[in-house]
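Protein sequence lines, in the order shown, are assigned to chains A and B.
Using my numbering, you'd call the opening residue of the first sequence number 648 and step up by one each time.
Using my numbering, you'd call the opening residue of the second sequence number 648 and step up by one each time.
Yeah, the Cβ is synthetic: ideal placement off N, Cα and C, and Gly gets one too.
Only a predicted model underlies this, so the values are computations on that prediction, with no experimental measurement involved.
Since the structure comes first, as structure tokens, the remarks are kept for the end.
There are 2 protein chains.
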Amino acid sequence: MKKHILIYGICGGLLIVALKVIEYRFLVVEHSIEIYGGLVAAVFAAVGIWLGLKLTKKKETVVVREVPVPAQPFSVNQTRLQEFGLTPREHEILELIANGLSNREIAAKLFVSENTVKTHSSRLFDKLSAKRRTQAVQIGKESGLIP
Amino acid sequence: MKKHILIYGICGGLLIVALKVIEYRFLVVEHSIEIYGGLVAAVFAAVGIWLGLKLTKKKETVVVREVPVPAQPFSVNQTRLQEFGLTPREHEILELIANGLSNREIAAKLFVSENTVKTHSSRLFDKLSAKRRTQAVQIGKESGLIP
DNA sequence: CTCAAAATCACCCGAAAGTATGACGACAAG
DNA sequence: CTTGTCGTCATACTTTCGGGTGATTTTGAG
Chain A
648 MKKHILIYGI
658 CGGLLIVALK
668 VIEYRFLVVE
678 HSIEIYGGLV
688 AAVFAAVGIW
698 LGLKLTKKKE
708 TVVVREVPVP
718 AQPFSVNQTR
728 LQEFGLTPRE
738 HEILELIANG
748 LSNREIAAKL
758 FVSENTVKTH
768 SSRLFDKLSA
778 KRRTQAVQIG
788 KESGLIP
Chain B
648 MKKHILIYGI
658 CGGLLIVALK
668 VIEYRFLVVE
678 HSIEIYGGLV
688 AAVFAAVGIW
698 LGLKLTKKKE
708 TVVVREVPVP
718 AQPFSVNQTR
728 LQEFGLTPRE
738 HEILELIANG
748 LSNREIAAKL
758 FVSENTVKTH
768 SSRLFDKLSA
778 KRRTQAVQIG
788 KESGLIP
């Protein structure tokens with residue numbers, strides 16, 4: 648900012664000097680005053696425009712438009728995960744249950760036996776204090792364990 | 648934009664007229680050429696600055712800040728409800744299922760027999776193309792039928 | 001009033017889910 | 001090396017779900 652003013656001042660000084668020179672030259676050779684005025688006008692207009700641009704260049708109006716995002720990225724609430732003491736496997740199975748898969752489908756997906764899925768889900772229900780898988784899903788969603 | 652150029656041109660014209668007047672006045676009364684030049688310089692510098700400001704005024708930086716919408720009031724997607732052809736009762740039962748209630752608990756809550764709940768839920772699953780209640784819940788949530 | 005949709009209930013049966021118990025191997029921590 | 005957790009699997013049993021069928025009552029629109 649101050650730098651610009653300084654530059655502006657220097658330019659003004661230089662111009663005055665230039666004007667003096669021009670004045671004597673042109674006046675002596677009897678040139679019309681219009682050329683002189685036009686020159687001054689052009690130069691100062693240019694400087695003015697330049698100054699105006701410089702001054703407002705960084706003055707950008709920041710418009711903050713807040714956009715509601717319905718589907719946030721979702722990250723698992725690790726704190727709750729620890730509170731419930733869920734193992735990674737149990738958490739994984741909770742997700743699949745929430746997706747509406749049956750025990751058999753989960754078993755197929757994870758390449759384990761259906762019995763394994765049952766033991767996992769049983770322990771899962773215990774830890775979540777759920778009596779049914781739908782209840783587990785509901786608790787899981789509320790606690791931020793699953794999307 | 649064009650408007651500005653027009654205004655600028657008009658100003659220029661006016662100034663030339665003004666200059667003519669000033670010229671004769673000041674020349675006649677033998678005033679120094681510096682005052683004339685300074686005036687022109689000042690006016691054109693001002694116009695230049697003004698123009699510069701006008702030209703760059705609209706440099707607005709739009710910052711889009713994504714804000715996770717806190718807790719929407721949630722309203723049932725009536726359109727989807729009709730698409731699926733769910734009756735009020737079926738929709739009600741879907742909600743209770745999503746809350747993790749068993750058929751028996753739902754029956755108790757609605758003061759109907761467990762069989763009734765079963766027939767309702769059966770038709771519900773048919774309409775939602777769900778094979779299990781967990782799947783029905785998942786579909787229901789996706790479709791905005793339930794919170 | 002009449003008809004259709006909605007809501008209610010019952011019974012049966014097979015499938016799925018959930019409980020209980022026990023067991024085995026892997027692996028990390030003490 | 002021992003202990004504990006985790007993941008795996010099995011067997012047996014109970015409960016819940018879901019499908020199918022049929023029937024009655026209620027209710028709202030025509």
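Got a sec: which bits of the region 748 to 762 of chain B sit with their beta carbon under 9 angstroms from any beta carbon on chain A, in order along the chain?
-> 748, 749
Applying a beta-carbon distance threshold of less than 9 angstroms, which residues of chain B neighbour residue 784 of chain A?
-> 745, 747, 781, 784, 785
May I have the straight-line CA-CA distance separating residue 776 of chain A from residue 747 of chain B, to the nearest angstrom?
-> 12 angstroms
Compare the C-beta of residue 682 of chain A against all C-beta atoms of chain B and say whether one is closer than 9 angstroms.
-> Per-residue confidence for residue 682 of chain A stands at a pLDDT of 44, beneath the threshold of 50, marking its modelled position as unreliable; no derived number is given.
Have a look at A/761, A/720, A/753, A/778 and flag the residue whose alpha-carbon is nearest the alpha-carbon of residue 739 of chain A.
-> A/753
Given 8 angstroms, three or more beta-carbon pairs between the region 727 to 739 of chain A and the region 762 to 778 of chain A = yes
Measure the C-alpha to C-alpha separation of residue 791 of chain A and residue 749 of chain A and round it to an integer number of angstroms.
-> 22 angstroms
Determine the burial state of residue 751 of chain A: buried for a count of at least 16 other Cβ atoms within 10 Å of its Cβ, exposed for fewer.
-> exposed
Contact belief for residue 744 of chain B with residue 779 of chain B at Cβ below 8 angstroms, rounded distance in angstroms | The pair is not a contact, with the Cβ atoms about 10 angstroms apart (cut-off 8 angstroms).
Which word fits residue 729 of chain B, buried or exposed, when buried means at least 16 other C-beta atoms lie within 10 angstroms of its C-beta?
-> exposed
Tell me whether the beta-carbon of residue 784 of chain A lies closer than 9 angstroms to the beta-carbon of residue 784 of chain B.
-> yes
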